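One structure below.
In this note's numbering, the protein residues as written are 39 to 100.
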């Protein structure tokens with residue numbers, strides 16, 4: 039079951055890394071995959087945090 043979850047989570051990033059590195063196997067593909075993972079992780083953190091911050095600004099009484 040954990041293997042299926044890993045395939046679902048890693049599969050799209052791995053295929054995108056393979057596309058961006060023109061099918062390269064090795065350190066370049068690992069580096070691109072790692073950078074994509076970090077970017078998507080930060081994006082998933084930053085978007086809700088920014089939305090909460092904007093909402094808090096609007097709720098502050100004048």
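Cβ coordinates follow ideal geometry from the N, Cα and C atoms, glycine included. All values derive from a computational prediction rather than experimental measurement.
For residue i, the nearest candidate out of the options (CA to CA)
i: residue 56; options: 49, 67, 46, 48; result: 67
Inter-stretch contact at 8 Å, needing at least 3 Cβ pairs: the segment 88-98 / the segment 65-72
The segment 88-98 vs the segment 65-72: no contact.
Suppose only complete runs of 4+ residues qualify. What are the alpha helix (DSSP H) ranges in the segment 64-98, listed by chain order?
For the segment 64-98, whole alpha helix (DSSP H) runs of length 4 or above, ordered along the chain, are 65-97.
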